[in-house]
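Chemist: Below is the structure I would like to discuss, written out as structure tokens.
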Amino acid sequence: MESTKEKLLALLEENRGESLSGQELARRLGISRAAVWKAMEGLKKEGHQIQGVNNKGYQLLEGSDVLTLASMEPWLPQGCDRSLIHVYDTVESTNITARELAAKGAPEGTAVVAARQEGGKGRRGRSFFSPKGGVYVSMVLRPQLPAEESARVTTTAAVQICRVLEEVCGFQAQIKWVNDVMLRGKKICGILTEGAIDLESGMPEYIIVGIGVNLLEGAEGFPPELRQIAGALYRENLPQGLTRGRFAAAMVEKMGAISALCTARETLEEYRRRCPLVGHRVMVMENEPWEGKVIAISDSCGLVVEKEDRTQRHLQSGEVSIRPGQEVWRKES
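This note's numbering numbers the first residue of the sequence shown as 146 and each following residue consecutively.
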């Protein structure tokens, strides 16, 4: 059940930038003006920028940007089950929390949203830099597809985030195989997919898709070891009209459609368009790195690489680097 603070914040969010009197707020919420004042003070202590003006009322300022379910509320689609969305300021890892929920039977579409991770996880056991300037969402999926096709879940997640960037921010992003989302030549989004397989059926019991997007670089920027490869959507401030809540709501909506879209031909073709590797030479980073030319992206979203001896390798996972002089990730502003 929503608290008075949550209901009040949702009402202020719906009318962001506009003043509502204490009397009007009390009437709409069915509470006393004293209860309105108490809830308002609580929201201010949590960091929400609320301005009170005599004879006008209260308003949530345009610059207020605290990630909460209420801040997502105006942007969530009708029919979205809000009870499945768990929002935190800080977690160890959204994937860890989502996995715990999945193991307890959480249904498809259960989402864990956070403004920061203290122990973010990357691929191959690496840590994932998760500063306050990002939005981190992990979702429980229960797709009906064989385990060998589960890679399509990861690539569909990459396509869906590109769609978020285009629809919400107006950015045209690309995908570096397998699932690094690229903007202006730098990685601005990380995706980690984990799951549990039913050994009898060979089908996934559940799949957790975790996505972290760097919204703001911040005044301090990225750590020195990441500055050449990591980027953010914006420098220090979000443009007017865009909040973490709006962006997180768009992420939850798009991620909720992954199971339905992961086998669609349209999704595969968009992945291929956004992943411009075909025809380029790459270094495949294995125990013994080797070079080859990418000749196709398969229907399973694997990379088909032709070696110097004309033999072909079909890669379903791993890492590749573009050979010098063949940069394919657009760097325009």
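Every residue gets a Cβ at the ideal spot worked out from N, C-alpha and C, and that includes glycine.
Hey, quick one: how far does the alpha helix (DSSP H) through Val304 stretch, first residue to last?
Modeler: Ala296 to Val309 is the span of the alpha helix (DSSP H), which, as asked, contains Val304.
Chemist: Would you mind reading off the limits of the beta strand (DSSP E) that contains Thr428?
Modeler: It should be noted that the sequence gives Met, not Thr, for residue 428. Counting along the chain, the beta strand (DSSP E) containing Met428 begins and ends at Arg426 to Val429.
Chemist: Helix, strand or coil, according to DSSP, for Ile342 in the structure here?
Modeler: Strand.
Chemist: Using a Cβ distance threshold of 8 Å, determine whether the segment 311-326 contacts the segment 281-290, with at least three qualifying pairs required.
Modeler: Contact between the segment 311-326 and the segment 281-290 is absent, because fewer than three Cβ pairs lie under 8 Å.
Chemist: Mark Asp210 as exposed unless 16 or more other C-beta atoms lie within 10 angstroms of its C-beta, in which case mark it buried.
Modeler: Buried: at least 16 other Cβ atoms inside 10 Å.
Chemist: Please list, in chain order, all residues of the same chain as Arg372 whose beta carbon is under 8 Å from its beta carbon, the five residues on each side excluded.
Modeler: Counting only Cβ-Cβ distances below 8 Å, and skipping sequence neighbours, we find Gly366.
Chemist: Return helix, strand or coil for Gly463, following the three-state DSSP convention.
Modeler: DSSP places Gly463 in coil when its eight states are reduced to three.
Chemist: Using the C-alpha atoms, what's the distance from His193 back to Ala184?
Modeler: If you take the alpha carbons of Ala184 and His193, they lie about 12 Å apart.
Chemist: Would Leu286 and Ile374 be called neighbours here (beta carbons separated by less than 8 Å)?
Modeler: Their beta carbons are not under 8 Å apart, which means Leu286 does not touch Ile374 by this criterion.
Chemist: Quick one: complete beta strand (DSSP E) runs, 3+ long, within the segment 378-435?
Modeler: As far as the segment 378-435 is concerned, its whole beta strand (DSSP E) runs of at least 3 residues are 426-429.
Chemist: Express the C-alpha separation of Ile176 and Trp182 in angstroms, rounding to a whole number.
Modeler: Rounded to whole angstroms, Trp182 to Ile176 spans 11 Å at the Cα level.
Chemist: With DSSP as the reference, identify every bridge partner of Ile230, one or two as the case may be.
Modeler: Paired residue(s): Ala256.
Chemist: Return the chain-ordered ranges of every beta strand (DSSP E) run that is complete within the segment 180-234 and spans a minimum of 3 residues.
Modeler: The qualifying runs are 195-198 and 202-205.
Chemist: Given a cut-off of 8 Å on the beta-carbon distance, is the pair Ser238 and Gly278 in contact?
Modeler: Contact: no.
Chemist: Rounded to whole angstroms, what's the CA-CA distance from Leu206 to Lys331? Just pull it up for me.
Modeler: Cα-Cα distance, rounded: 32 Å.
Chemist: Helix, strand or coil: how does DSSP classify Glu151 here?
Modeler: If DSSP states are grouped into helix, strand and coil, Glu151 belongs with the helices.
Chemist: For Glu365, which three-state DSSP category applies?
Modeler: It is coil, neither helix nor strand.
Chemist: Taking the alpha-carbon of Gly335 as reference, which of Ile306, Glu345 and Phe316 has the nearest alpha-carbon?
Modeler: Minimum Cα distance to Gly335 is reached at Ile306.
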